[in-house]
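Protein chains: 4
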Amino acid sequence: MEDTQSKSDFRKVAINKVGIKNIQYPIAITNRRGIRHNTVGTFAMYVNLPHDQKGTHMSRFIEILNEHKDDLTLLTVERMIESMKEKLDAEQAFLNVSFPYFLEKEAPVTRSKSFMNYTVRIVGEIVRDSVDTILEIDVPVTTLCPCSKSISEYGAHNQRGLVTVRVRFNDHDAKNPMDIDDLIHLVEQTSSCEVFALLKREDEKYVTEQAYENPVFVEDLVRDIALSLSSEKRITWYSVEVTNFESIHNHDAYAYIERDKSNSSHAHAFESANATSVAHS
Amino acid sequence: MEDTQSKSDFRKVAINKVGIKNIQYPIAITNRRGIRHNTVGTFAMYVNLPHDQKGTHMSRFIEILNEHKDDLTLLTVERMIESMKEKLDAEQAFLNVSFPYFLEKEAPVTRSKSFMNYTVRIVGEIVRDSVDTILEIDVPVTTLCPCSKSISEYGAHNQRGLVTVRVRFNDHDAKNPMDIDDLIHLVEQTSSCEVFALLKREDEKYVTEQAYENPVFVEDLVRDIALSLSSEKRITWYSVEVTNFESIHNHDAYAYIERDKSNSSHAHAFESANATSVAHS
Amino acid sequence: MEDTQSKSDFRKVAINKVGIKNIQYPIAITNRRGIRHNTVGTFAMYVNLPHDQKGTHMSRFIEILNEHKDDLTLLTVERMIESMKEKLDAEQAFLNVSFPYFLEKEAPVTRSKSFMNYTVRIVGEIVRDSVDTILEIDVPVTTLCPCSKSISEYGAHNQRGLVTVRVRFNDHDAKNPMDIDDLIHLVEQTSSCEVFALLKREDEKYVTEQAYENPVFVEDLVRDIALSLSSEKRITWYSVEVTNFESIHNHDAYAYIERDKSNSSHAHAFESANATSVAHS
Amino acid sequence: MEDTQSKSDFRKVAINKVGIKNIQYPIAITNRRGIRHNTVGTFAMYVNLPHDQKGTHMSRFIEILNEHKDDLTLLTVERMIESMKEKLDAEQAFLNVSFPYFLEKEAPVTRSKSFMNYTVRIVGEIVRDSVDTILEIDVPVTTLCPCSKSISEYGAHNQRGLVTVRVRFNDHDAKNPMDIDDLIHLVEQTSSCEVFALLKREDEKYVTEQAYENPVFVEDLVRDIALSLSSEKRITWYSVEVTNFESIHNHDAYAYIERDKSNSSHAHAFESANATSVAHS
Numbered sequence: 034m035e036d037t038q039s040k041s042d043f044r045k046v047a048i049n050k051v052g053i054k055n056i057q058y059p060i061a062i063t064n065r066r067g068i069r070h071n072t073v074g075t076f077a078m079y080v081n082l083p084h085d086q087k088g089t090h091m092s093r094f095i096e097i098l099n100e101h102k103d104d105l106t107l108l109t110v111e112r113m114i115e116s117m118k119e120k121l122d123a124e125q126a127f128l129n130v131s132f133p134y135f136l137e138k139e140a141p142v143t144r145s146k147s148f149m150n151y152t153v154r155i156v157g158e159i160v161r162d163s164v165d166t167i168l169e170i171d172v173p174v175t176t177l178c179p180c181s182k183s184i185s186e187y188g189a190h191n192q193r194g195l196v197t198v199r200v201r202f203n204d205h206d207a208k209n210p211m212d213i214d215d216l217i218h219l220v221e222q223t224s225s226c227e228v229f230a231l232l233k234r235e236d237e238k239y240v241t242e243q244a245y246e247n248p249v250f251v252e253d254l255v256r257d258i259a260l261s262l263s264s265e266k267r268i269t270w271y272s273v274e275v276t277n278f279e280s281i282h283n284h285d286a287y288a289y290i291e292r293d294k295s296n297s298s299h300a301h302a303f304e305s306a307n308a309t310s311v312a313h314s
Numbered sequence: 034m035e036d037t038q039s040k041s042d043f044r045k046v047a048i049n050k051v052g053i054k055n056i057q058y059p060i061a062i063t064n065r066r067g068i069r070h071n072t073v074g075t076f077a078m079y080v081n082l083p084h085d086q087k088g089t090h091m092s093r094f095i096e097i098l099n100e101h102k103d104d105l106t107l108l109t110v111e112r113m114i115e116s117m118k119e120k121l122d123a124e125q126a127f128l129n130v131s132f133p134y135f136l137e138k139e140a141p142v143t144r145s146k147s148f149m150n151y152t153v154r155i156v157g158e159i160v161r162d163s164v165d166t167i168l169e170i171d172v173p174v175t176t177l178c179p180c181s182k183s184i185s186e187y188g189a190h191n192q193r194g195l196v197t198v199r200v201r202f203n204d205h206d207a208k209n210p211m212d213i214d215d216l217i218h219l220v221e222q223t224s225s226c227e228v229f230a231l232l233k234r235e236d237e238k239y240v241t242e243q244a245y246e247n248p249v250f251v252e253d254l255v256r257d258i259a260l261s262l263s264s265e266k267r268i269t270w271y272s273v274e275v276t277n278f279e280s281i282h283n284h285d286a287y288a289y290i291e292r293d294k295s296n297s298s299h300a301h302a303f304e305s306a307n308a309t310s311v312a313h314s
Numbered sequence: 034m035e036d037t038q039s040k041s042d043f044r045k046v047a048i049n050k051v052g053i054k055n056i057q058y059p060i061a062i063t064n065r066r067g068i069r070h071n072t073v074g075t076f077a078m079y080v081n082l083p084h085d086q087k088g089t090h091m092s093r094f095i096e097i098l099n100e101h102k103d104d105l106t107l108l109t110v111e112r113m114i115e116s117m118k119e120k121l122d123a124e125q126a127f128l129n130v131s132f133p134y135f136l137e138k139e140a141p142v143t144r145s146k147s148f149m150n151y152t153v154r155i156v157g158e159i160v161r162d163s164v165d166t167i168l169e170i171d172v173p174v175t176t177l178c179p180c181s182k183s184i185s186e187y188g189a190h191n192q193r194g195l196v197t198v199r200v201r202f203n204d205h206d207a208k209n210p211m212d213i214d215d216l217i218h219l220v221e222q223t224s225s226c227e228v229f230a231l232l233k234r235e236d237e238k239y240v241t242e243q244a245y246e247n248p249v250f251v252e253d254l255v256r257d258i259a260l261s262l263s264s265e266k267r268i269t270w271y272s273v274e275v276t277n278f279e280s281i282h283n284h285d286a287y288a289y290i291e292r293d294k295s296n297s298s299h300a301h302a303f304e305s306a307n308a309t310s311v312a313h314s
Numbered sequence: 034m035e036d037t038q039s040k041s042d043f044r045k046v047a048i049n050k051v052g053i054k055n056i057q058y059p060i061a062i063t064n065r066r067g068i069r070h071n072t073v074g075t076f077a078m079y080v081n082l083p084h085d086q087k088g089t090h091m092s093r094f095i096e097i098l099n100e101h102k103d104d105l106t107l108l109t110v111e112r113m114i115e116s117m118k119e120k121l122d123a124e125q126a127f128l129n130v131s132f133p134y135f136l137e138k139e140a141p142v143t144r145s146k147s148f149m150n151y152t153v154r155i156v157g158e159i160v161r162d163s164v165d166t167i168l169e170i171d172v173p174v175t176t177l178c179p180c181s182k183s184i185s186e187y188g189a190h191n192q193r194g195l196v197t198v199r200v201r202f203n204d205h206d207a208k209n210p211m212d213i214d215d216l217i218h219l220v221e222q223t224s225s226c227e228v229f230a231l232l233k234r235e236d237e238k239y240v241t242e243q244a245y246e247n248p249v250f251v252e253d254l255v256r257d258i259a260l261s262l263s264s265e266k267r268i269t270w271y272s273v274e275v276t277n278f279e280s281i282h283n284h285d286a287y288a289y290i291e292r293d294k295s296n297s298s299h300a301h302a303f304e305s306a307n308a309t310s311v312a313h314s
């Protein structure tokens, strides 16, 4: 049976990335405390293709996914990326995975328990034997506007906001197991108030007053989280963005900060997360 | 050239609806004041198919769309539906169209002008020579929680909410031209405060205080809008639903009311909008 | 602390549905063979509210969700709905849940194993002590056009299609455990060819030829699945819809059939799934 | 009235981007032939904020949007970005706008006319007085698999694909008016077959056979479009990505190429579109 993909190509055009995307797969991930979470991942997996090769072998991506689906951590994602590079005979390999993640939380006064959902993403690539991974987390929060509070006789507009934090850790010890829960707590403590799935009346009084006492502009929140991430020694690079679903508008307020704490200039393509943000935010 | 679609079918299974969906088309609509809006519609167009007919002729839907795209009103949508029934030789025909609609609004204090976006839908069908159309509008608003205000020392959680109103008018005079603007105003006046694209500091003080003075539960807002729609004589049937993007949760609060003011029982399939809501809200 | 929600309301407007929506929760479901699947559910939970009651108690929905999250079947969803009715002191209660579901499949020739994702929904309500549930499944398939095959010298346009089947079962024995896998197989066998996550070259030859040998219009596929569902005795009512993401257009082809096999007329609101489809498809 | 935003900030954290996003606005754009299109734009508008300034003035973005909404071209978008930099007293300014765009097309045999929809985006920024804009277009096409054709007795799997082209032009003459239509034609000519809203039977025979005669892997299509863009002298930089909605899978195939034809190294942040693609594709 003819192997069309393995033929030679004469157009002299190398392909930066080729592979599969939007594939859902059942996965298990393990957090810092060794607790296993069963969830559902959505993957993209690519490799580069030299100019003289006609096509890649798409089915191998699924085979690699199949092998690793039962234990995803930052470290095992790096293994997957190395495996993609090797089995597809490539120089570069790229993997993204996004999944819902849950934390059991207690309401602030009544201590009623419920689960809050967060979206977590791992973005990784290997270029010239060096693997690079970024951990991304979306954390919903409450934000209350300082300007609105300051100029109004009473009240202040507030809304649900979404914080996205992206971090690089400085070594493998910090990566396995992942620090998802700590990053979530760091963001939640910095907002006007954290959000919960279950609040009783006493809790609602608490969160309303706490938000009123802690007004933050989108600019304040992004700066305060940046300061917290700057002081975390295991983090070598971060970006943080905040989107406020303004209660007084039908559009959103947005702020973005990025900082490379290592002074070295990384060779990797996705170093400039600013680029990402310009083109797509 | 063989016409496979026109062949006979022997399975004895009639098809309720067959046609095209998710087609975007440039359209012009005309509102009550005769003002023309250029916008972009997303259409679904279906007819029924008797048990003995193998297929429908999909290209005819596009031809009908092509003919009517430059002047959409509730009345011309009814013409399109009649045309679908006739040209596709059907007993029933169904059409949905959804489009962004804009109103120029003035900020409450500074009178600064800006455009606010709303989503409008027209849903129509013809069954046994009787055409039935529903006008649907999504209106974003601010809602402030009365419980949060009442139990807290200061502040009150508030958020963007989305109101969806669906109405049937009692005759053609009311339908042409459509009353989109009036329905939007009716909803906006009933909320804690309307939302704007452009607010300066004086305006922000105004909307903050107005929302604090007009707290509404999702239950209050849905009831108040229901009362307003009940008192509108040209409206014979309505439903109203409110979704609050709660600032203290990562989920939404929801309420739904439906009322048939005519005592007659309509024969039409989509009479029970409740059904719609159960299955999909 | 004041209980604003429990106050009386004097507007004399009953609310059809009030509650929470778009809440994600970690869940476990059990299929017909007793196999447990850990997945993520997105819920909507509503009750009716009499005209003289000011508000509902939103936190109770989460408490009920919390209690049942570890074992969802059609039967336990019915328990949840009964519990909502009781704990919120309502006459009617409504619940929707949607979740990704996975089946391990073997490629048709090489028998390579991989997981395919499907979306499953359970939609239930209780009205006057009678609980009613519908099981919905989205099944992706390949469809190949008979007209294109018949009129062309070679080739035939084909594409990914999405089949949505909704069924009511005739008694509780059929509901517990759920028949998700059987419904998926029923749909997959009726299409031009089923789809897989992992196909090697021998498999790709097989699925290409199988699709060419089994051309189906959107009308054929919806009818063939309807016939299969008609012959399943445990199913008392069904609807089936097919959406083809046409490879030759930028819009979709669509067909819908619904059949009530019981001759009794159900009192329940969502009986007329046709209504659902008119308004939202 | 206190101007909280204008206060000083002492955290010493500069903000890369702050502003508004997800705002819909009615716009008019003008294409190369001077033809005006009324459509609907979705905007994001940001500026940088120095470390010692507390907040930006969000309402000014809307004022700038208001001024320019009636005439958008690549050149007027550059004016908007310069205006943002000036009126918000910033060093950097960023703007994205996305809108549906329509071309009237004739079916290949019957010459029946219909409108096809495309999504167009303009992404621009100003850094240190140098404005940089990218034009992006999404073009739906048909792709037919060469491997499937080659190994199968008859038939070949094919599907709708989506091509996204991003280009930088070499000077202002090329930018005003924009070359949207030419870029669309360039992509459509390179695919297995272009797609249409309206095809009659004779046309369907034509497009089926044309696709069968022109099989392309996702790798072939991305390379052929890259070659076409390389030979366009007015284009100094481009990227092209193809996503195939595989008819035999429930996931997509993907390929990406990027090339900077100027040998100079641009200073601009979004130069490395590769970065964008790693993180978000």
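Protein chains in written order, with this note's numbering: chain A, 34 to 314; chain B, 34 to 314; chain C, 34 to 314; chain D, 34 to 314.
The beta carbon of each residue, even a glycine, is placed where N, CA and C say it ideally should be.
For clarity, every value in this text was computed on a predicted model and none was experimentally measured.
With DSSP run on the structure shown, which of helix, strand or coil describes residue i?
i, result
"SER305/D", "Residue confidence for SER305/D is low, a pLDDT of 35 falling below 50, so the modelled location carries little weight; the figure read from the coordinates is stated next. Reduced to three states, the DSSP call for SER305/D is coil."
"THR241/B", "helix"
"CYS178/A", "coil"
"ARG69/A", "strand"
"ILE281/B", "coil"
"ASN99/C", "helix"
Relative to the C-alpha of residue i, which residue among the options is closest?
i, options, result
"VAL156/B", "VAL130/B, ASP162/B, ARG193/B, VAL142/B", "VAL130/B"
"ASP122/C", "ASN203/C, VAL51/C, ASP253/C, GLU265/C", "VAL51/C"
"GLU119/A", "SER225/A, GLU169/A, ARG161/A", "ARG161/A"
Quick one: using the 10 Å Cβ neighbour count with 16 as the cut-off for buried, is residue i buried or exposed?
i, result
"HIS190/C", "buried"
"MET34/A", "exposed"
"GLY194/B", "buried"
"LEU260/A", "exposed"
"GLU100/D", "exposed"
"TYR287/C", "buried"
"LYS54/D", "buried"
Return yes when the C-beta of residue i is under 7 angstroms from any heavy atom of the ligand ADP, and no when it is not.
i, result
"GLY157/D", "The ligand ADP is absent from the structure shown, which contains no ligand whatsoever."
Indicate whether the contact test is met: 3 or more Cβ pairs, each with one atom in the region 223-234 of chain C and one in the region 268-286 of chain D, closer than 8 angstroms.
-> Touching, yes.
Say whether the region 45-56 of chain B touches the region 76-85 of chain B, bearing in mind that this needs 3 or more beta-carbon pairs closer than 8 angstroms, one atom from each stretch.
-> The answer is yes - the region 76-85 of chain B touches the region 45-56 of chain B, with three or more Cβ pairs under 8 angstroms.
Which residues, in chain order, does the region 165-193 of chain D contribute to contact with chain A at a C-beta distance below 8 angstroms?
-> Against chain A - using a Cβ distance shorter than 8 angstroms - the residues of the region 165-193 of chain D are ILE167, PRO179, CYS180, SER183, ILE184.
Contact between the region 160-173 of chain B and the region 232-245 of chain B (3+ Cβ pairs under 8 angstroms) = Put simply, the region 160-173 of chain B does not touch the region 232-245 of chain B. Fewer than three CB pairs are less than 8 angstroms apart.
Taking contact to mean at least 3 C-beta pairs separated by less than 8 angstroms, is the region 178-189 of chain A in contact with the region 35-42 of chain D?
-> Output reads yes: the region 35-42 of chain D touches the region 178-189 of chain A.
If contact means a Cβ-Cβ distance below 8 angstroms, which residues of the region 117-147 of chain B contact chain C?
-> For the region 117-147 of chain B, the set of positions with a beta-carbon nearer than 8 angstroms to some beta-carbon of chain C reads PHE127, ASN129 in chain order.
May I ask you to list, following chain order, the residues of the region 265-291 of chain D that have a beta carbon less than 9 angstroms from some beta carbon of chain C?
-> Listed in chain order, the positions of the region 265-291 of chain D with a beta carbon within less than 9 angstroms of a beta carbon of chain C are PHE278, GLU279, SER280, ILE281, HIS282, ASN283, HIS284.
Touching by the beta-carbon criterion (3+ pairs, under 8 angstroms), the region 53-65 of chain D and the region 92-109 of chain D | Verdict: yes, contact present.
When the Cβ atoms of the region 139-147 of chain B are set against those of the region 87-102 of chain B, are three or more pairs found closer than 8 angstroms?
-> Too few Cβ pairs lie closer than 8 angstroms, so no.
Listed from N- to C-terminal order along the chain, which residues in the region 60-73 of chain C have their beta-carbon within a distance smaller than 9 angstroms of any beta-carbon of chain A?
-> Flagged, chain order: ALA61, HIS70, ASN71, THR72, VAL73.
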